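In this note's numbering, the protein residues as written are 5 to 99. Ideal placement from N, C-alpha and C gives every residue a C-beta, glycine not left out. As the structure is a prediction and not an experimental result, all values here were calculated from the model.
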């Protein structure tokens with residue numbers, strides 16, 4: 005039970021600030037909440053191996069937010085490339 009209590013303490017102490025940080029990277033609250041959750045998961049797995057756990061937690065949130073932003077850019081580029089129709093169609097449907 006101590007593990008759960010420690011998780012709760014960390015979240016209560018830093019959750020709001022992390023959410024604010026994540027909101028600077030993404031607009032939607034639900035996306036920011038997902039970022040905070042993923043950051044806590046990444047942090048929790050390796051928190052005991054770092055010097056400054058608090059700084060590491062915020063770094064995890066920043067990196068998750070950056071990953072989300074990069075994924076969004078890749079997805080948008082892919083959708084634009086796939087959605088762009090160039091040339092004729094084999095079946096003549098779009099001609």
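Query                                                                                                                                            : Result
Looking only at C-alpha atoms, which of 55, 31, 80, 18 sits nearest to residue 43?                                                               : 18
Residue 22 to residue 15, Cα distance in whole Å?                                                                                                : 9 angstroms
So within the segment 16 to 65, which uninterrupted alpha helix (DSSP H) runs reach at least 4 residues, ignoring any that extend past its ends? : 33 to 50
What is the rounded straight-line gap between the Cα of residue 82 and the Cα of residue 58?                                                     : 36 angstroms
When you compare only the Cα positions, how much space is there between residue 31 and residue 69?                                               : 11 angstroms
Less than 9 angstroms separating the beta-carbons of residue 38 and residue 77?                                                                  : no
Is residue 36 near residue 26, with beta carbons less than 9 angstroms apart?                                                                    : yes
How many Å lie between residue 86 and residue 24 at the Cα?                                                                                      : 34 angstroms
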